[in-house]
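Per UniProt numbering, residue 1 is the first one in the sequence shown, and the count goes up by one each step.
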Amino acid sequence: MTPPTFHPYTTLPRDDDSVKPMLNIGLWGRASEDLDTFVAQNRRLKSKLTELGGRRVLYSHTHYTESEFWSLYDKKWYDELRERYEASSLMTVTSQNSIPMAPFIAHKLEMPEKQGKDGTYHINVTLNLDEDSRPAPVYDPTLWEDFAPEPAIELRNHRGEPGTGIFPAKVSLGSVNDEWTYVDDNAFALRFLRKTGQLGIPSLHPDNRKLCERCLNVRVWSQDFQLDIHVSDMRETQASCPLCELLYRCFQRSGMSNQEAIKIRRDGSMLRLDGHSQPILRLCAVPGSGASPPSIQIGFPALHDTKNEKYFELLSEWLRECDGNHNQLEHNQEVHHPRQNIRLPTRVLDVGYGRESNKLRLHCPREGERGTYIALSHCWGVIPWEERVRYITNNENIDARRKGIEFNTLPKTFQDAITVTRQLGKRFLWIDSLCIVQGDREEWEKESKLMETVFSRAYCTIAASSATDSTKGFLGNRPISKFVEVQNDAENRFFVCEAIDNFRRDVEEGELSKRGWVLQERALARRTIHFTETQTYFECGCGVRCETLTRMRNSKANFLGDHVFPKSCLKHPEMNINRLYQMLYEDYSKLRLTSPTDRSVAIYGLEWRLAAAFETLGRNGIFDRYLHRSLLWQRSEDNILSRISYEPNQVVPSWSWMAYNGHITYMHIPYGEVEWTKSLYCSSSTIREYSHTGLGRIRGIHNDGNFIEVNALVRDFDLSEADAPGRRLVFDEGDGEQTSGLKCVVLGRQYPWKEEHEREDRVYYVLIVKPMGDGESCRTYERVGAGTLKERDISFRASEFRIQLV
Numbered sequence: 001m002t003p004p005t006f007h008p009y010t011t012l013p014r015d016d017d018s019v020k021p022m023l024n025i026g027l028w029g030r031a032s033e034d035l036d037t038f039v040a041q042n043r044r045l046k047s048k049l050t051e052l053g054g055r056r057v058l059y060s061h062t063h064y065t066e067s068e069f070w071s072l073y074d075k076k077w078y079d080e081l082r083e084r085y086e087a088s089s090l091m092t093v094t095s096q097n098s099i100p101m102a103p104f105i106a107h108k109l110e111m112p113e114k115q116g117k118d119g120t121y122h123i124n125v126t127l128n129l130d131e132d133s134r135p136a137p138v139y140d141p142t143l144w145e146d147f148a149p150e151p152a153i154e155l156r157n158h159r160g161e162p163g164t165g166i167f168p169a170k171v172s173l174g175s176v177n178d179e180w181t182y183v184d185d186n187a188f189a190l191r192f193l194r195k196t197g198q199l200g201i202p203s204l205h206p207d208n209r210k211l212c213e214r215c216l217n218v219r220v221w222s223q224d225f226q227l228d229i230h231v232s233d234m235r236e237t238q239a240s241c242p243l244c245e246l247l248y249r250c251f252q253r254s255g256m257s258n259q260e261a262i263k264i265r266r267d268g269s270m271l272r273l274d275g276h277s278q279p280i281l282r283l284c285a286v287p288g289s290g291a292s293p294p295s296i297q298i299g300f301p302a303l304h305d306t307k308n309e310k311y312f313e314l315l316s317e318w319l320r321e322c323d324g325n326h327n328q329l330e331h332n333q334e335v336h337h338p339r340q341n342i343r344l345p346t347r348v349l350d351v352g353y354g355r356e357s358n359k360l361r362l363h364c365p366r367e368g369e370r371g372t373y374i375a376l377s378h379c380w381g382v383i384p385w386e387e388r389v390r391y392i393t394n395n396e397n398i399d400a401r402r403k404g405i406e407f408n409t410l411p412k413t414f415q416d417a418i419t420v421t422r423q424l425g426k427r428f429l430w431i432d433s434l435c436i437v438q439g440d441r442e443e444w445e446k447e448s449k450l451m452e453t454v455f456s457r458a459y460c461t462i463a464a465s466s467a468t469d470s471t472k473g474f475l476g477n478r479p480i481s482k483f484v485e486v487q488n489d490a491e492n493r494f495f496v497c498e499a500i501d502n503f504r505r506d507v508e509e510g511e512l513s514k515r516g517w518v519l520q521e522r523a524l525a526r527r528t529i530h531f532t533e534t535q536t537y538f539e540c541g542c543g544v545r546c547e548t549l550t551r552m553r554n555s556k557a558n559f560l561g562d563h564v565f566p567k568s569c570l571k572h573p574e575m576n577i578n579r580l581y582q583m584l585y586e587d588y589s590k591l592r593l594t595s596p597t598d599r600s601v602a603i604y605g606l607e608w609r610l611a612a613a614f615e616t617l618g619r620n621g622i623f624d625r626y627l628h629r630s631l632l633w634q635r636s637e638d639n640i641l642s643r644i645s646y647e648p649n650q651v652v653p654s655w656s657w658m659a660y661n662g663h664i665t666y667m668h669i670p671y672g673e674v675e676w677t678k679s680l681y682c683s684s685s686t687i688r689e690y691s692h693t694g695l696g697r698i699r700g701i702h703n704d705g706n707f708i709e710v711n712a713l714v715r716d717f718d719l720s721e722a723d724a725p726g727r728r729l730v731f732d733e734g735d736g737e738q739t740s741g742l743k744c745v746v747l748g749r750q751y752p753w754k755e756e757h758e759r760e761d762r763v764y765y766v767l768i769v770k771p772m773g774d775g776e777s778c779r780t781y782e783r784v785g786a787g788t789l790k791e792r793d794i795s796f797r798a799s800e801f802r803i804q805l806v
């Protein structure tokens, strides 16, 4: 057993909190040579440590021999540590306990008496100490200089719980996939069409011109369909053959009409150009015309009019299907099932009962009033103030709005939202500009922090994805798609249609998604109906449903569409979880905000959700669990960041990307090839407990007007040597040609190195900082950039001292 040590806090407690020092005890032993047995031993140790009531930190080195282990870790440092702290000091801090601690812990953990010859394990047991047995914490600078390897990647099962295998950190487990796949869902299609009486042969009007001889022989329904086409031939026949015309139009849209030879292949219900991911044509089987060939979606080539009752029946069926799929949520006390009545927001619009209701007023629920409501996600747009004031609630008109609102006085987007709410059989609707008193700063500060609750508890969210402002509406006419009818030998009817299922183009790249607040609204909503110029989409944790009855999936989009965001990401390996939240923040940094100071507010609820799922503290875009990687963001190559002038009560530190306007990216740091410094911790923060829907209770950090500091070691660096591969600094607000006066904070370094003489070429991951005052005594610094340096660029020991990075 290694001697006990006291470690400084990663976050300092509030003044009114009782201080609870933590005792770290290292236990060393021999593990089984068999990997499965070793993993089982680790699991048992974890379970017993939890029973002791403390936090456990477990470092598993399943792939190192003893000699390899000490080649990576500083054995001299450990030996000196043992000499510096005698094991007898354990009894000093537990003087009231007459039981020898080492045998006690060994007994509680049921440590086996005999172990294998190879392999080691190292367990840190964290115990809370009684008030009277509390010595002063030891802040030894040499302790902080040590580096720790990145933990092994722990696989999780489908529920997001720890799995049964631990892989060394060097194992690569793939990357997050941002490609859309198309899934046939004929079971849902048949249920819906049967329920709504649409199984008969539809009375559609396809292009009835005769097909050319080549197209008559095209068997698009064949599983292995593939077609080689000479564009010049199709250019000649497209005037007389409807299928040639349809194909040629697709070539023109794809910018390929000037190519000579093109290959088309079938992928499920989609026809794609070879080498292209986005389909150009879609196949659909006519319902009721016979058995459908495998992998062809049942449906119609033309969409219903948005005024048609069948259109709203589809929206309702999507919601019913979703309700049925998520019935298990009823058994989770922290998650409200969509059908349940929940506590209403501060204000909602009362649109009345039934589709023909004329009632419309602003409703202020009484204390504890419950119900179900729909939330609108929309773009305000650039509307003159004299016109916009008619569309908002303020202190002057709130009493009048509580008595009643004339439907025709509202903008078209609000009218359409009311229509959808009534058609879906719901009484209440939440619209930000009407349900939050505008122009009232105190009201805004309170309500903006409740967005997480508003969208996560809504029955569903309706998103006006294509409307550029509140006056445009979203229930208008959609473009009419071209389609051609074909039949196979069994006289089954099919339609070859324009491929309009494009969620990336219509939603993710749509006008609404360019707005900063919408990313949070989409992520926090349990399910969203997206109204676009092309068609309507339904998004939930099971993927995306299209109005064409096609289903789509994408692992990155599923992260945002999760009905209890972000629990679905917990089934990913740790490396992918990191990449998911990084992509989320990178995307958010590109979005527009009317007020730049909303950058830290418009993602407030989403950040809390992430911190809860990661079981860590989170603030200003940084997570304690991923502290080092969180801090290693950079401006993207195509832009310069500009510092945001926040209000005095909004403290956003320089080390946070939320302090700047502009697009950021995260540094690419391979997993399993880096060890992180321990000389980093946060201070001057207020720790509070916060409750989240479906995620239990967590502790989080609020700045409450105080500085949040990163306490770190700072060092000089020298770039006088010629540029070397692996050295790259990116400055936040400029080129940073003048480096005099700047210093670096080392966050991590590459490992392992092959030969001792190669250590000078080892890459270090650093923040670049500058003092905020004059004189060598200044200990308050701010971040100005980030990047990589070589070991020989950095001055160790001689120039280092501790600073507060704010």
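We put the CB at the ideal spot given by N, CA and C, even for glycine. Model, not experiment: these values are computed from the prediction.
Shown here, Trp180 sits in coil according to DSSP, grouped into three states, outside any helix or strand. When the beta-carbon positions are compared, Cys540 and His563 come within less than 8 Å of each other. Counting the other CB atoms within 10 Å of its CB gives Ser589 a total of 16 or more, which places it among the buried residues. Exposure of Thr409 is indicated by the presence of fewer than 16 other C-beta atoms within 10 angstroms of its C-beta. Straight through space, the alpha carbons of Ser433 and Gly473 are spaced by roughly 16 Å. According to the DSSP assignment, His628 belongs to no beta strand (DSSP E) but to the alpha helix (DSSP H) extending over Leu627 to Leu631. Three or more beta-carbon pairs drawn from the region 442 to 454 and the region 604 to 615 are found closer than 8 Å, and the two stretches are therefore classed as touching.
For Pro771, the uninterrupted beta strand (DSSP E) segment begins and ends at Val763 to Pro771. For a cut-off of 8 Å, the C-beta gap from Leu512 to Ser595 is around 18 Å, too long to register as a contact. The three-state secondary structure of Ala525, taken from DSSP, is coil. The beta carbon of Glu760 lies closer than 8 Å to those of Lys790, Glu791 and Arg792 in the same chain, with the five residues before and after it left out. Pairing Gln226 with Asp274, the inter-Cα distance amounts to about 10 Å. Arg779 and Asp716 have their C-alpha atoms some 14 Å from each other. With contacts defined as CB atoms closer than 8 Å, Leu549 and Gly299 qualify as a contacting pair. With distances taken between CA atoms, Ala458 lies nearest to Leu524 out of Phe483, Met772, Leu524 and Pro573. Rounded to the nearest whole angstrom, the CA to CA distance from Ala613 to Leu570 is 8 Å. Assigned with DSSP and collapsed to three states, Asp224 falls in coil, not helix or strand.
Within 10 angstroms of the beta-carbon of Arg727 lie 16 or more other beta-carbons, which makes it buried. If you compare the alpha carbons of Thr665, Ser645, Leu627 and Leu584 with that of Glu675, the shortest gap goes to Leu627. Judged by their CB atoms, Thr393 and Phe428 are not nearer to each other than the 8 Å cut-off. Contact between Leu747 and Thr677 holds, with the beta-carbon distance rounding to 6 Å and staying under 8 Å.
For Arg515, same chain residues with a beta-carbon under 7 Å away, outside a window of 5 residues either side, are Cys379, Leu591 and Arg592 in chain order. Note that the region 341 to 353 does not touch the region 551 to 562; fewer than 3 beta-carbon pairs, one per stretch, sit closer than 8 Å.
Spatial neighbours of Thr739 in its own chain (CB-CB distance under 7 Å, excluding positions within 5 residues in sequence) are listed in chain order as Leu719.
Taking every protein chain shown into account, the CB of Thr536 has 16 or more other CB atoms within 10 angstroms, so this residue is buried. In the displayed model, Ile392 falls within coil according to three-state DSSP, outside both helix and strand. Secondary structure within the UniProt domain "Heterokaryon incompatibility" (373 to 521): the beta strand (DSSP E) runs of 3 or more consecutive residues, fully enclosed, are 373 to 377, 428 to 430, 460 to 464, 483 to 487 and 493 to 498 (chain order). Residue pairing for His530: DSSP places it in a beta bridge opposite Ala463 and Tyr537. Distance from the CA of Asn217 to the CA of Leu632, rounded to the nearest whole angstrom, comes to 58 Å. For Trp608, there is no enclosing beta strand (DSSP E); the enclosing alpha helix (DSSP H) has its first and last residue at Tyr604 to Phe614. Between the beta-carbon of Gly734 and that of Ile664 there is about 15 Å, and that puts the pair past the 8 Å contact cut. Ranked by Cα distance from Trp444, the options Ala602, Asn488 and Cys241 are led by Ala602.
Under DSSP, Lys743 takes part in a beta bridge, and its partners are Val769. Boundaries cannot be given for Arg366, as no beta strand (DSSP E) includes it and DSSP labels it neither H nor E. Nearest to Leu271 by alpha-carbon distance, out of Asp598, Ile500 and Leu713, is Ile500.
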